[in-house]
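Since the structure comes first, as structure tokens, the remarks are kept for the end.
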């Protein structure tokens, strides 16, 4: 009995993504997705240590890029990033917008 119950539960878990897709995605979006084909650069990537290390290297490069751009603050470290748009942002909209929010959402 437990084997049957577990197999039914496993089938439910495995089919849940398909059921949610059918329930939530419109017919038009489903047809658009079926007609969209994105071909890979190569038919099959070779299985090799170089391909694995290349993927890991791209991951480290991406993490280093984000850290260099945004900066890092944690574990006792603080590194300023290259992003200058919000650096030393000292202006707060709360003081400016308080009166408007009180008027707009006043309960009468």
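Numbering (our numbering), first residue to last: 660 to 767. Cβ coordinates follow ideal geometry from the N, Cα and C atoms, glycine included.
Spatial distance of residue 732 from residue 740 (CA atoms): 10 Å
Nonlocal neighbours in the same chain, by C-beta distance under 6 Å from residue 694, ignoring five residues either side: none
Beta-carbon contacts of residue 727 that lie in its chain and below 8 Å, excluding the five residues immediately before and after: 740 and 741
Pairwise C-alpha distance: residue 673 and residue 667: 10 Å
Sequence-distant residues of the same chain with beta carbon closer than 7 Å to residue 757, five excluded per side: none
Delimiting residues of the beta strand (DSSP E) encompassing residue 730: 730-733
Coil, strand or helix - residue 715 by DSSP: helix
DSSP state of residue 738 mapped onto helix, strand, coil: strand
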